[in-house]
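Trainee: I'd like to ask you about the structure that follows.
Residue numbers (our numbering): -17 to 156.
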């Protein structure tokens, strides 16, 4: 991934502080220019996100993408509405030297998102990684949501096969 440094200079005032915020130039999934003036990927297609491209997923529902090879950045940012729901579907997402980001530690994903990986046992495997996979090789997978408390707990009683209810040792907010 190409890292750049931006300074803002105003004539007569000098260098302006950015309060240590990082600005990233992105291309929007929904923008036809992202796809060379054509249309966005359709069901069953594969896409490549090259180094230097920061692809911001700004659509609410994606088609089922066959494969995404991510050498740049695949970014999911939350909506201002905490109840807004985004769904993203793919067979394979392979992050190779790039990054996939669904919220960060400093800016967690605060709305709702469902990422569904599709495949069957008969589908081709990515060597070493398998199928129906988000694979990462020399890259970064960053997924952070709102803080939950507690983050884990014990079962109060054993759950038998076929049970649809779990009895937990303490109340949870998840």
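Idealized CB from N, CA, C, for every residue including glycine.
Remember, predicted model here, so these are calculated numbers, not experimental data.
Using a Cβ-Cβ cutoff of less than 6 Å, which residues in the same chain neighbour residue 8 once the five nearest sequence positions on both sides are dropped?
Mentor: Annotation for residue 8: 36, 38 place their beta carbon closer than 6 Å to its own, counting only its chain and skipping 5 residues before and after.
Trainee: Return the chain-ordered ranges of every beta strand (DSSP E) run that is complete within the stretch 42 to 74 and spans a minimum of 3 residues.
Mentor: 43 to 52, 55 to 58
Trainee: Mind checking residue 77: buried by the 16 CB within 10 Å criterion, or exposed?
Mentor: buried
Trainee: With 16 as the cutoff for other CB atoms within 10 Å, does residue 12 come out buried or exposed?
Mentor: exposed
Trainee: Below 8 Å on the Cβ atoms is my guess for residue 96 versus residue 124; work out the distance and round it to an integer in Å.
Mentor: Not quite, the Cβ-Cβ distance comes to about 18 Å (not below 8 Å), so this is no contact.
Trainee: Apart from the five residues on each side of it in sequence, which residues of its chain come closer than 7 Å, Cβ to Cβ, to residue 127?
Mentor: Within its own chain, the residues whose Cβ lies closer than 7 Å to the Cβ of residue 127, once the five positions on either side in sequence are excluded, are 85, 90, 91, listed in chain order.
Trainee: Is the CB-CB distance between residue 150 and residue 142 below 8 Å?
Mentor: no
Trainee: According to DSSP, is residue 124 helix, strand or coil?
Mentor: strand
Trainee: Give every residue of the same chain whose Cβ lies closer than 7 Å to the Cβ of residue 131, excluding the five residues on either side of it in the sequence, and list them in chain order.
Mentor: 155
Trainee: Using alpha carbons as the reference points, say which of 32, 49, -2, 41 lies closest to residue 14.
Mentor: 41
Trainee: Tell me residue 91's beta-bridge partners as DSSP assigns them.
Mentor: 127
Trainee: Between which two residues does the beta strand (DSSP E) carrying residue 28 extend?
Mentor: 28 to 31
Trainee: Whose C-alpha, out of 99, 152, 153, 113, is nearest the C-alpha of residue 44?
Mentor: 99
Trainee: In three-state DSSP terms, what is residue 96?
Mentor: Residue state, collapsed to three classes: strand.
Trainee: Pull the bridge partners of residue 82 from the DSSP assignment, please.
Mentor: 56, 123
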